[in-house]
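Read through the structure below, which is laid out as structure tokens, and then see the notes.
Protein chains: 2
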Amino acid sequence: MRNPPSLLSLSVDSALHNLSRISDLSPLPEHILLDLFLKTLKAGKLNERVLKLFIATGKDEVLAVIQALNIREIIAPVIPSSTTNFTVNHDKIDIVIAALHPDLTSFLNDWRPVFSPYHLIIVKDLDMKEELIIPDGFNVDVFTKSDMDRVVGSSSSILFSGYSCRYFGFLVSQKKYIVSVDDDCTPVKNDDGSVVDIVAQHIANLTSPATPFFFNTLYDPYRKGADFVRGYPFSLRSGVLCALSCGLWLNLADYDAPTQALKPELRNSRFVDAVLTVPARTLMPLSGINIAFDRELVGPALFPALRLAGEGKFRWETMEDIWSGMCVKVICDHLGFGVKSGLPYVERAERGNAVDSLRKEWEGVKLMEEVVPFFQALRLNPESVKAEDCVIDIAKEVKDQLGKVDPVFGRAAAAMVDWVRLWKAVGSSSS
Amino acid sequence: MRNPPSLLSLSVDSALHNLSRISDLSPLPEHILLDLFLKTLKAGKLNERVLKLFIATGKDEVLAVIQALNIREIIAPVIPSSTTNFTVNHDKIDIVIAALHPDLTSFLNDWRPVFSPYHLIIVKDLDMKEELIIPDGFNVDVFTKSDMDRVVGSSSSILFSGYSCRYFGFLVSQKKYIVSVDDDCTPVKNDDGSVVDIVAQHIANLTSPATPFFFNTLYDPYRKGADFVRGYPFSLRSGVLCALSCGLWLNLADYDAPTQALKPELRNSRFVDAVLTVPARTLMPLSGINIAFDRELVGPALFPALRLAGEGKFRWETMEDIWSGMCVKVICDHLGFGVKSGLPYVERAERGNAVDSLRKEWEGVKLMEEVVPFFQALRLNPESVKAEDCVIDIAKEVKDQLGKVDPVFGRAAAAMVDWVRLWKAVGSSSS
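As you go down the protein sequences, you meet chains A and B in turn.
Just so you know, we're using our numbering here: the first sequence kicks off at 29 and counts up by one.
Just so you know, we're using our numbering here: the second sequence kicks off at 29 and counts up by one.
Pasting the structure below:
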């Protein structure tokens with residue numbers, strides 16, 4: 029029998045070279061094998077041939093490591109995704125902006141370092157009369173009322189006015205990923221004065237796995253410098269696809285009108301350096317201010333369906349994103365996708381008078397009391413395996429259960445059905 | 029009719045004085061009333077008499093604010109709890125330290141600014157032979173093997189060795205709140221060089237409500253400077269009692285042996301400035317390194333029951349806290365209490381060799397694969413309304429369902445039953 033310590037005193041390369049000439053490693057003590065296996069893995073030298081040699085030893089501890097670390101046919105250890113190194117092709121991303129203000133000059137110039145490499149879809153609020161002003165130097169397509177009439181027809185139950193105009197951009201995009209930010213947001217700066225790249229962070233969130241089935245107390249385990257905490261089941265460490273990334277807001281946060289009216293001085297200045305997966309079967313108030321999603325996975329589930337009677341042009345006068353957010357979360361839970369919340373932040377400037385908005389938003393406040401128990405109890409048809417089918421399931425339940433509570437829900441259900449029809453029509457005409 | 033703007037141009041005090049002479053406010057326009065109401069509330073001048081006057085107007089918007097803000101019989105608006113101003117009496121708090129090292133001098137001196145106002149319970153690992161060294165200047169009670177034998181008897185299924193010795197401190201404490209930190213933790217410093225007061229932060233977490241039924245994307249809504257995000261249902265904004273606060277770790281984080289063995293350079297340097305409620309029905313790996321809890325609410329649910337065959341004196345060789353954590357989380361969900369995770373952080377120094385521990389901990393890694401689905405599916409008896417009854421419920425299911433998988437579970441179930449018996453006996457003898 030070989031002298032095992034000499035194997036360990038060698039470099040990993042030499043050890044692997046020796047290893048390749050060993051037809052049967054079984055005589056080696058288990059702890060020597062384990063140590064060599066870990067060194068090989070850490071050095072990124074674990075290829076398929078070497079992995080097979082280790083598996084062939086049949087040693088419990090080595091097999092347990094292989095199983096626990098989810099090593100199947102990989103060549104190198106899993107590299108955690110990092111916001112600085114994501115490798116999604118720029119062609120797979122659309123940035124969708126709802127233009128509620130005609131002059132986008134300062135907005136787009138602020139975001140130029142982040143947005144300029146990407147294709148932009150700008151959708152003009154159909155209530156806006158003025159011409160849009162868009163600075164040079166962007167790859168941009170603008171959509172207006174005439175495009176909506178052409179694609180949707182004027183008799184639709186779906187209205188692309190105010191914040192809801194962005195959804196037209198979601199509809200006509202042909203990209204895998206959508207990033208969408210309200211036009212009253214400005215970039216947050218890094219400590220070195222550079223602009224925080226929200227696209228990179230959102231795409232990192234979407235392309236690294238989500239962990240909805242067990243909470244990791246150190247937040248996103250795939251982030252550089254983080255991992256799964258002791259006790260986290262190994263079988264859940266490979267995670268699931270992430271379908272939706274919800275960013276946050278500094279300065280004027282996304283509070284409702286009553287909260288802002290009561291605490292007019294309230295500003296969010298706390299930067300929380302975290303991304304986390306919102307656990308399965310936990311509902312959340314999805315804000316449309318700063319989001320990204322995988323259009324192929326859940327595109328049909330982001331729609332403008334719930335419109336308040338007094339809906340206005342301030343965020344706190346809208347509920348369309350909250351409603352769609354409840355739907356998309358339930359759908360992600362049903363389909364086994366994850367939803368993340370946290371980074372990236374944007375900065376929001378003050379506008380509007382919350383006390384003036386208070387009246388308009390009470391309707392929304394009251395509706396939520398009906399909406400939340402409904403979605404908490406909702407179970408979708410197990411045979412629905414695509415987002416569009418799930419939307420139809422939900423629309424039916426909304427009509428049956430909530431329709432009698434308030435007519436706004438009946439209209440929302442009808443809009444959801446129309447949306448899926450439209451989504452399929454646009455998809456088949458563009459493909 | 030009075031001239032309403034003149035009412036608003038007055039100070040709140042004068043306006044309230046006028047208000048007290050108005051027997052019927054109804055003729056005033058609704059937006060004037062609403063504005064005055066908000067001003068009154070913000071100024072902390074809303075007393076019961078004034079509230080009744082506003083209610084008597086019968087105006088929809090005013091009533092909606094009163095309902096939405098959960099104003100019942102309060103005198104002043106709810107002040108969010110802040111870590112700097114908590115008002116729990118020091119007599120209600122015990123700090124419990126498991127002594128795994130004989131010389132606690134540097135540990136206690138490091139923590140002196142934080143711990144010195146409190147009563148300390150130090151429990152000596154019953155395997156340790158050396159005398160404990162405890163510096164002067166603390167209000168401390170030390171418990172050793174002879175105390176355990178006296179209280180528990182030597183034939184018990186509960187073994188207070190290694191990290192499990194702390195639970196003896198939980199048992200003999202007579203305080204409402206327990207804070208417990210491992211003896212290899214040191215304080216984190218604030219930016220100004222002062223020591224982070226983990227007791228203040230834990231108690232702030234425990235004494236402000238938890239929100240397990242809906243996720244708030246801006247984390248703890250009761251924290252100073254934060255609030256509930258738009259779309260958060262008002263009926264859930266009063267929250268529930270918080271029973272457990274789980275702090276985190278900088279430097280050597282609470283990773284398992286395989287993770288540390290694979291990534292020996294892995295250190296946690298990311299300070300995440302957040303506290304959040306772990307949502308209902310979401311399981312988590314509870315770490316015993318840095319925790320606090322409300323002993324009156326869930327004391328009987330923190331116990332040393334699951335002991336690995338190869339359990340050692342390093343954290344990554346233990347599972348007792350993870351197991352107890354699954355139990356206490358399920359119990360909190362059943363009883364409607366909240367569990368928080370996040371701040372405060374402690375710093376952990378390096379010790380132990382993860383590769384050496386790897387072998388011992390595989391047992392724990394494998395057990396978790398059985399444990400998680402069991403707890404995810406577990407439903408407690410609706411008639412169990414106290415933590416001790418819930419523990420008995422769980423013990424029965426563990427024995428019935430997991431007992432056949434591995435004898436370690438049968439022993440855990442027996443220890444849980446013994447623990448409840450012991451908890452009741454100690455409680456009745458001390459009261």
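C-beta atoms are modelled at their ideal positions from N, C-alpha and C, and glycine is treated no differently.
None of these values were measured; they are calculated from a predicted model.
Query	Result
The segment 168–200 of chain A: which residues have C-beta closer than 9 Å to a C-beta of chain B, in chain order?	none
So what does DSSP say about P108/B, is it helix, strand or coil?	Summary for P108/B: the model assigns pLDDT 38, below 50, so the residue's position carries little reliability; its value from the coordinates is reported in the next sentence. Residue state, collapsed to three classes: coil.
Tell me whether E397/B sits in a helix, a strand or coil according to DSSP, three-state version.	helix
In or out: F299/B buried (at least 16 other Cβ within 10 Å) or exposed?	exposed
Determine, using beta carbons only, whether G259/B comes closer than 8 Å to chain A.	yes
Under the rule that 16 or more other beta-carbon atoms within 10 Å means buried, what is E293/B, buried or exposed?	exposed
Check the C-beta distance from V413/A over to I359/A and give it rounded, since I have them as a contact under 8 Å.	About 11 Å separates the two Cβ atoms, so there is no contact after all.
Using CA coordinates, which residue listed in V436/B, L290/B, P313/B is at the minimum distance from L336/B?	V436/B
Counting contacts by CB-CB distance shorter than 8 Å, is V93/B in contact with chain A?	yes
Short of 9 Å Cβ to Cβ, which residues in the segment 305–321 of chain B face chain A?	V306, P307, A308, R309, T310, L311, M312, P313, L314, S315
Between G275/B and I206/B, is the Cβ-Cβ spacing less than 8 Å?	no
Measure from the C-beta of Y373/B to each C-beta in chain A and report whether the shortest distance is under 8 Å.	no
Which partner residues does Y146/A have in the DSSP bridge list?	Per DSSP, none; premise fails for Y146/A.
Looking at chain A, is there any beta carbon in it that lies within less than 8 Å of the beta carbon of K368/B?	no
So what does DSSP say about I420/B, is it helix, strand or coil?	helix
In its own chain, which residues sit with a C-beta less than 7 Å from the C-beta of V168/B, not counting the 5 before and 5 after it?	L148, I150, I162
Please look up how many angstroms separate the CB atoms of L408/A and K357/A, rounded, as I've assumed it's under 8 Å.	That pair is no contact at about 12 Å.
Exposed or buried, which one is K368/A when buried takes at least 16 other CB atoms within 10 Å?	buried
Does DSSP classify G431/B as helix, strand or coil?	coil
Would you call the CB atoms of G366/B and T305/B closer than 8 Å?	yes
Could you pull the start and end residues of the beta strand (DSSP E) that Y205/B belongs to?	205–209
On the CB-based measure, 16 or more other CB atoms within 10 Å of its CB, does I125/B come out buried or exposed?	buried
When you compare the CB of P145/A with every CB in chain B, is at least one pair closer than 8 Å?	no
By the DSSP assignment, the beta strand (DSSP E) with G366/A in it spans what residues?	366–376
Given a cut-off of 8 Å on the beta-carbon distance, is the pair A440/B and W344/B in contact?	no
Three-state secondary structure (DSSP) at T214/A?	strand
Measure how close the beta-carbons of E158/A and P130/A come, nearest whole angstrom, since I'm counting them as under 8 Å.	4 Å
Should L246/A be flagged as near chain B, meaning a C-beta pair shorter than 8 Å?	yes
CA-CA distance, N117/B and L69/A?	53 Å
Report yes if the CB atom of T346/B is closer than 8 Å to the CB atom of Y191/B, and no otherwise.	yes
Roughly how many angstroms lie between the CA atoms of D284/B and A232/B, to the nearest whole one?	29 Å
Would you tell me roughly how many angstroms separate the C-alpha atoms of V257/B and I420/A, rounded to the nearest one?	28 Å
Using only CA atoms, which one of A281/B, H362/B, A382/B, D434/B lies nearest to D210/B?	A281/B
Starting from C274/B and walking both ways along the beta strand (DSSP E), at which residues does that stretch end?	270–279
Can you give me the Cβ contacts of P237/B inside the same chain, cut-off strictly under 8 Å, excluding the 5 residues immediately before and after it?	Y250, S266, G267, V268, L269, C270, G366
So, for A443/A: in the same chain, excluding its five sequence neighbours on each side, which residues have a beta-carbon less than 6 Å away from its beta-carbon?	S185, I186, A333
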